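> Okay, here's the structure, questions in a sec.
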Amino acid sequence: MLTWNMEPGTRNKYPATSNSKRSEDPAKAGRHQATKLMDWNKDEIRFLKTMSNPDKIQGFLDSIDYNPNPECRSPRWVIRKRSAHCFEGALFSAACLGFIGYKPLLVDMKAWNDDDHVIAVFRKNGHWGAVTKSNFTTLRYREPVYRSIRELVMSYFDFYFNLNGEKSLRSYSRPLDLSVYSSRKWATTDEDLEFIGDKLESMRHFPVVDDTMIKDLYRASDISLRAGMLGSNEDGLFKPS
């Protein structure tokens with residue numbers, strides 16, 4: 137059964153997949169059906185074929201500039217401009233993952249006094265991993281070793297802090313399957329994709345800490361702050377109060 141992000145005692149409304157081979161070995165299954173509806177051109181298809189596994193997708197994201205602008209452009213734009221912020225990077229990752237057979241899934245993480253973070257998640261050998269872009273070095277790739285979405289999200293907790301060193305992660309969403317937006321050609325459109333962000337924002341989010349825990353959270357050390365901000369684009373950093 138697929139293990140998503142349900143809190144203890146909450147009924148899992150997501151049934152087991154009817155095609156476990158696709159989720160366990162997507163490369164053999166070929167492109168996910170949703171990505172076949174995108175109007176990629178020949179050059180883009182040639183590029184996407186080089187993104188043949190999650191770590192190559194992450195390697196590309198790590199090599200391009202961080203986009204500090206408040207916009208949300210499609211994966212096609214990321215390929216052309218070689219620039220992306222967190223949300224654009226997650227969309228790009230989902231498109232690439234879909235191209236090699238994974239479902240294009242996004243998970244939203246909400247923060248206090250900090251930027252929210254969006255990751256593209258994938259399931260391999262029954263475990264979850266993530267690919268994304270971040271202005272912080274510690275909020276990027278996760279190996280597919282986590283048994284649930286909650287477990288995956290919690291791997292970010294100690295490394296998710298603002299410029300004051302405050303641990304800021306508060307909740308996360310269930311995965312959003314971008315296949316529902318295939319008719320809008322979300323991967324190749326020139327349309328701003330903020331509507332996907334609005335959908336993520338409106339989804340139910342599950343808390344990772346309660347008020348008692350928050351009061352006792354330890355601030356990140358100076359060395360952790362320096363490590364997290366290595367190579368950051370200062371124009372794109374959230375300025376906490």
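Basically my numbering = 1-based index in the sequence shown + 136. Each residue gets a CB set at the ideal place from its N, CA and C atoms; glycine is no exception. As the structure is a computational prediction, the values presented were derived from the model and not from experiment.
#1: Only counting the same chain, and skipping five residues up and downstream in sequence, which positions put a Cβ closer than 8 Å to that of L336?
#2: When we look at the beta-carbon of P206 and count the other beta-carbons within 10 Å, is it buried (16 or more) or exposed?
#3: Rounding to the nearest angstrom, what Cα-Cα distance links I193 and A231 in this structure?
#4: Short of 6 Å in beta carbon distance, which residues of its chain neighbour K164, apart from the five on each side in sequence? Order them along the chain.
#5: Give me the Cα-Cα distance between P376 and N300, rounded to the nearest whole angstrom.
#6: So T260 is in the beta strand (DSSP E); what residue range does that whole segment cover?
#7: Would you call the segment 181-195 in contact with the segment 260-276, where contact means no fewer than 3 C-beta pairs closer than 8 Å?
#8: Taking all protein chains shown into account, do 16 or more other C-beta atoms lie within 10 angstroms of the C-beta of S304, making it buried, or fewer, making it exposed?
#9: Restricting to Cα atoms, I'd like to know which of M339, F258, K185, D250 is closest to L227.
#10: Tell me where the beta strand (DSSP E) around E279 begins and ends.
#11: Less than 8 Å between the beta carbons of F272 and V344, yes or no?
#12: Can you tell me which residues form a DSSP beta bridge with W264?
#13: Suppose only complete runs of 3+ residues qualify. What are the beta strand (DSSP E) ranges in the segment 292-321, listed by chain order?
#14: By the 10 Å Cβ neighbour count, where 16 or more other Cβ atoms means buried, how is R216 classified, buried or exposed?
#15: What are the boundary residues of the beta strand (DSSP E) that K246 is part of?
#16: Please state the DSSP three-state secondary structure of R158.
#17: Could you have a look at P343 and say whether DSSP puts it in helix, strand or coil?
#18: Which residues in the same chain as P280 place their Cβ atom closer than 8 Å to its Cβ, once the five residues preceding and following it in sequence are excluded?
#19: Note down the Cα distance separating G364 from K239, rounded to an integer number of angstroms.
#20: Taking only three categories from DSSP, how would you classify D201?
#21: Please say whether A256 and S284 have beta carbons closer to each other than 8 Å?
If we stick to the structure as given:
#1: Contacts found: L242, D244, V254, S309, L312.
#2: Its Cβ having fewer than 16 others within 10 Å, P206 is exposed.
#3: C-alpha separation (whole angstroms): 10 Å.
#4: Residue confidence for K164 is low, a pLDDT of 43 falling below 50, so the modelled location carries little weight; the figure read from the coordinates is stated next. A distance below 6 Å between beta-carbons, with the five flanking residues on each side excluded, links K164 to no residue of its chain.
#5: P376 and N300: Cα-Cα distance of roughly 7 Å.
#6: Checking the displayed sequence, the identity of residue 260 turns out to be Lys instead of Thr. Run containing K260: 253-260, per the beta strand (DSSP E) assignment.
#7: Contact between the segment 181-195 and the segment 260-276 is present: 3 or more CB-CB pairs across the two stretches fall below 8 Å.
#8: S304 is classed as buried because its beta carbon has at least 16 other beta carbons within 10 Å across all chains shown.
#9: Checked all of M339, F258, K185, D250; the closest Cα to L227 is F258.
#10: Residues 278-282.
#11: Taking 8 Å as the cut-off, the beta carbon of F272 is found no closer than this to the beta carbon of V344.
#12: W264 pairs with R259, Y282.
#13: Here the runs fully enclosed are 305-309.
#14: R216 sits exposed, since fewer than 16 C-beta atoms from the chains shown fall within 10 Å of its C-beta.
#15: Residues 241-247.
#16: Caution applies to R158, whose pLDDT of 43 falls short of 50 and renders its modelled position unreliable; the value that the coordinates give is listed next. DSSP places R158 in the helix class (H, G or I) of the three-state scheme.
#17: P343: strand per DSSP, three-state reduction.
#18: If we look at P280 and ignore the five residues flanking it on each side, its Cβ neighbours are P190, F258, R259, K260, N261, H263, W264, G265.
#19: Distance between the alpha carbons of G364 and K239: 29 Å.
#20: Residue state, collapsed to three classes: strand.
#21: At least 8 Å separates the beta-carbon of S284 from that of A256.
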